[in-house]
Each structure stands twice: as C-alpha cells, then as structure tokens.
Amino acid sequence: GRGISIPAISRDKQWEFTPRVTPGDHVDEGDSLGVVQETARLQHHVLVPPGISGVVTIINEGAVTVTDTVATLDTGESLTMMQKWPVRQPRPVQQRRPPSIPFITGQRVLDTLFPIASGGTVIVPGGFGTGKTVVEQALAKYAQAQVIIYIACGERGNEIADVLSEFPHLTDPETGHPLMERTILIVNTSNMPVAAREASIYTGVTIAEYYRDMGYTVAVMADSLSRWAEAIREISARMEEMPGEEGYPTYLATKLAGFYERSGRVECLGSDKREGVVTIVSAISPPGGDFSEPVTQSAMQLAGGLWALDADLAHRRHFPAINWKQSFSLYIAGLDSWFQQEVGSDWPTLRGDLTALLQKEEEIQEVAQLVGSDALPEQERLTLEISRFMREEYLRQNAFSETDGSCPLEKQYWMLKAFFEFLRYCEDGLSKGRSLDELLDSPIKHDLARMKDAAPEVSVSQAKALIETMQSELSGVESSEGSLTNG
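Quick note, in our numbering, the sequence shown goes up one by one and the last residue is 505.
#1: Ser497 by DSSP, collapsed to three states: which one?
#2: Assuming the contact rule is C-beta atoms closer than 8 Å, Gly172 and Ala226 should be a hit. Round their C-beta distance to whole Å, please.
#3: Are Lys429 and Val361 closer than 8 Å when you measure CB to CB?
#4: When you compare each of Pro461, Arg335 and Pro25 to Lys102 by their alpha carbons, which one comes out closest?
#5: Where in the region 406 to 464 do unbroken runs of the alpha helix (DSSP H), each at least 4 residues long, occur, reported from the N-terminal end onward?
#6: If we ignore side chains and look at the alpha-carbon of each, how far apart do Val88 and Ala214 end up?
#7: For the beta strand (DSSP E) containing Ala240, name the first residue and the last one.
#8: Skipping 5 residues on each side, what residues in its chain have a beta carbon closer than 8 Å to that of Thr151?
#9: Based on the DSSP secondary-structure assignment, which residues constitute the bridge partners of Tyr168?
#10: Would you please state the rounded distance, in angstroms, between the beta carbons of Arg292 and Gly233? I believe it to be under 8 Å.
#11: Ala332: which of Gly145, Arg109, Ser23 and Leu375 sits nearest, CA to CA?
#12: Could you say if the region 114 to 127 and the region 156 to 163 meet the contact criterion of at least three C-beta pairs nearer than 8 Å?
#13: By Cβ distance below 7 Å, which residues in the same chain neighbour Gly505 in space, the five residues on each side in sequence not counted?
#14: Would you mind reading off the limits of the alpha helix (DSSP H) that contains His333?
#15: Can you tell which of Glu456, Asp455 and Tyr412 has the C-alpha that lies nearest to the C-alpha of Thr10?
#16: Please list, in chain order, all residues of the same chain as Asp43 whose beta carbon is under 8 Å from its beta carbon, the five residues on each side excluded.
#17: Let me check one thing: in DSSP terms, what residues is Ala89 bridge-paired to?
#18: Excluding the 5 residues preceding and the 5 following Glu491 in the sequence, name in chain order all residues of the same chain whose CB lies nearer than 8 Å to its CB.
#19: Note down the Cα distance separating Ile549 from His62, rounded to an integer number of angstroms.
#20: Which runs of the beta strand (DSSP E), 3 residues or longer, sit entirely within the region 116 to 167?
#21: Can you give me the C-alpha to C-alpha distance between Leu128 and Asn416, rounded to a whole angstrom?
#22: What span of residues does the beta strand (DSSP E) with Arg508 cover, start to end?
#23: How do the region 266 to 276 and the region 309 to 318 stand: do at least 3 beta-carbon pairs fall below 8 Å, yes or no?
#24: Between the beta-carbon of Ser424 and the beta-carbon of Pro116, is there less than 8 Å?
#25: Along the chain, where does the alpha helix (DSSP H) containing Leu368 start, and where does it finish?
#26: What residue range is occupied by the uninterrupted alpha helix (DSSP H) comprising Val181?
#27: Starting from Pro37, trace the beta strand (DSSP E) in both directions and tell me its first and last residue.
#28: Quick check on DSSP: helix, strand or coil for Ile340?
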C-alpha cells in the first residue's frame, strides 16, 4: 500500500548463529564474533562494529533474529547481528594496499587491452543502445568477485524487471549455485524520488564496504552515474544553490571523488589478518553520446580506467562495443608483473603487438579510402585482413554464449598467441611467393576462428596444436628450400 515501509532483511526470520569467541575473550573492532551461513556460497561474519572493543561476558548460540543480542561486552555494549552505519561515511580500514592484482572480467577486450586493478575504478560511458547495461550484467555474471552489488540508479523499470526475473535463473560458473546467492540488487527506478536515487549509490558502496570488512572481494556495478548526477542537480536546484556547468552543482566532482575513494584493496580491521576489496565499475549515459559533458569529464579525471563504448561499433553488432582508440587504463604498468608470472612472460608484448596492429590498420585504412584496398601492397592488405580477423574473432564476444560469454585468461593468452603466429605464418608465406588469397583461405584460419566457441581446455589445446603445425610447416618449407639450393 501507499507509504508502506518494509525492511530489506526480515526482522522475524531466524538465522543459525555459530559463535567464534567464548566468554572472557577480548575483542577489538573488526573481530568476528561468529558466522551465519547466509547463502550456500556466502558465510556472513558478524563483526564487532568500528569503535567498540572489550571483553565478552555473554555469547549466544543458535537461532536468532537480526535484532537479537548475540554478544554482551564488559563495557555494557549489546551487539546484534545487524549493524547500522551512515551511508555517506566510509567504513574504516587498517591499511590500504597497492593495486597490483587485476580484476578479471572474462571479456577479452577488457582483460587484454584495458585491464583494471582489483580495488580500482573504471567508468563505462556510452550513448543509448551501446550496451552499457549488457556489459555491467556480463561483469556481474562472470567477473571474479565473491559478492556483486548491482545498483540500478534511475534506470528504466523494464530493465530492472528483466534483471530480477533473469538473475535467479542464472548459474554461478564457479559454484554451480544460483547467481543471486552472491548478488545484492539496489533498485531505484527512474520514477522513484530523486532523494532516494541520490542515496542509492552510497547505500550500495556502504554494503560493499560491509562485505569487504569480512574479507570478501566485492564488485560494485553502478548503472548509471548520470542519473545520480541528475538527481544531485535537481536537489541542488530546489535548494537554490549556485549552478555550475550545465546546471550541475559546483561540488559535483567532489562528490564523485568521495564515491570513488571508497574503492580499494585493503587490510581489514580485526586481529586476524583479512584482505578485502571493493572494485567500482560505473556506467555513464552522456546525452547524445557526448563525452565532453561534465559528468563524463569529471569521472574521467578521477577513475583509473575508461572503457568507452562506441555507437558505430554497436550498430555493426560488435559487442562489447569498446572503442580501443578512446579507452585507457592507468593500472597496466602495475599489473604487468602479475600477468607475466600468472599467465605468460610475453603477455605485455602480445598486448603491445595487438595495440600496434590496430593502430597500423587505422593508418592503412586512411590510404585505402583514397586509392582502394586492391591498390595496396600485399603486406598492407595482409595487415588489414589480420586486423579485421582479430577484431571479429578475438575482440568481439557473445555475452549470451555459454562458451564465449566469459573467456579465462589462459584461453585469451593462447588464442592471441596463435593469432600472431598465423600473422607470422602469412608474412613468411608472402615472402616465399605464396598468394595472399591462398594464405587467407587456409584451413588454419578457419580453425582459429572456431577457437572462441570451444571450451577453455579444448581451445587451449587447439591453439597449441595450431602453433606447432604452423611452426613445423615453416621450418619444413625452409629446410626443403635449403636442400634445393644445395642440390
């Protein structure tokens, strides 16, 4: 009914509380009093709230509600399973750690070209129809995070209805359990009050910090910051504050900075050493796809990464529609050593080669538009063909495919390695006098194109076999030519 207020967590439901401390134990802020099995995947730690410490005098066990007292301290403090915290105030941490571990998304264009750090921030700006929501939902499904906070800030009701109906039926690829067991949805549709919309972002990041303090890796998907900024603008106008650019308040950048600063990889409070992570991925909907508007520009200066969505790529059905010319990541230098150790020593080299190939393609395209592609030398035509092949078969990904929706790093590495080995194979073939059409029609190319639709372990073995085939064929050609010369 009108005006009804229902708590997000039932006050009557009982949870099985298992204590981890006994009477007489001294506990500090951030220590775990006990655990509750919240879902099959999530073990909920009941922590001592910040600013509280003492000796446990009473500890309860068994079925309790979130408002029941589970522990009493010698200071007289009664601790319940439920905590209250002001959402605009960041939760304290022991120490912040450097962003040296990547946030694995399962999307090849992001993990290869524009990786961000676990605990980092990235913005995903794009016009209408470029796939912002699909990108964020793909990350919610496949990104390597133990808890997902999905903030629907000012979005259309039908999109949220799709999420609410679809997510319970999706399976977590790691555990096989429903995806909702690790997902929290903050729903604030466009017809809800602007004050609630402005608060929804802070509510989401505070819940993320709460799970971070338990030692979990949390990813926050904010969709979208533009609607949040519009709510701030509307509130500011009603308060008759001095407007800034395009009517937004002059403190817009400060508010954004305060939100992004709540991300990070940290050492949590408590006597037992725990590491928690909050990574923020925020979509932005610039009017008309204009990235020069204030929200995008302010966020771009604060975030550590930019995954720019391109309307032209989206219209060509290239998804994720990430524009590799506009996008960037400030975390690459700090993550390269991790990729070299965990994936492959030549990972940074392969990324640089792919970037150089895409840039070279753009330069050749400018000439091709003047003289036509048929007038280009065969080497430049080969560059265009291989670059197009990599864009379509490596950078493009089907978010709705069971095998291609998410791509592990090992599969990405061997796919890219095989593609560049094919480029070398074609270049060597051209130098030996073989025609470009013959090389591009090779069965090897068709096998490479099918790799993305194969299971990870199958595609890795296929890539290794194809690389071996190409290398042996090259060495075989060289040795036969040498014998002819000697004869």
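From the three backbone atoms N, C-alpha and C, an ideal C-beta is built for every residue, glycine too. Quantities reported herein were computed from a predicted structural model and do not represent experimental measurements.
Checking against the coordinates, here is how it stands:
#1: Any answer about Ser497 is weak, because its pLDDT of 40 lies below 50 and its placement is not dependable; what the coordinates show is given next. DSSP places Ser497 in helix when its eight states are reduced to three.
#2: 19 Å between Cβ atoms; not a contact.
#3: no
#4: Pro25
#5: You should have 427 to 449 and 454 to 458.
#6: Note on geometry: alpha-carbon atoms of Val88 and Ala214 lie some 32 Å from one another.
#7: Residue range Thr235 to Asp241 is occupied by the beta strand (DSSP E) that includes Ala240.
#8: Glu173, Glu177, Asp241 and Ala301
#9: Tyr168 is bridged to Leu203 and Met239.
#10: 4 Å
#11: For Ala332, the closest of Gly145, Arg109, Ser23 and Leu375 by C-alpha to C-alpha distance is Gly145.
#12: Yes: the two stretches touch, three or more of their Cβ pairs being nearer than 8 Å.
#13: Reliability of the predicted coordinates at Gly505 is poor, the pLDDT of 35 falling under 50, and the value obtained from them is presented with this limitation in mind. Taken in chain order, the list of residues that qualify is empty.
#14: Ala329 to His333
#15: Residue coverage of the chain in this structure runs from 19 to 505, which leaves residue 10 outside it and unanswerable.
#16: If we look at Asp43 and ignore the five residues flanking it on each side, its Cβ neighbours are Val73 and Val74.
#17: Ile77 and Leu97
#18: Tyr443
#19: Summary: the structure shown does not reach residue 549, with the chain confined to residues 19 through 505, and so no result is reported for it.
#20: 139 to 143
#21: Those two C-alpha atoms are separated by around 14 Å.
#22: With the chain covering 19 to 505 only, the question about residue 508 has no answer from this structure.
#23: yes
#24: no
#25: Trp365 to Val389
#26: Gly175 to Glu184
#27: Trp33 to Pro37
#28: Ile340 falls in the strand class under three-state DSSP.
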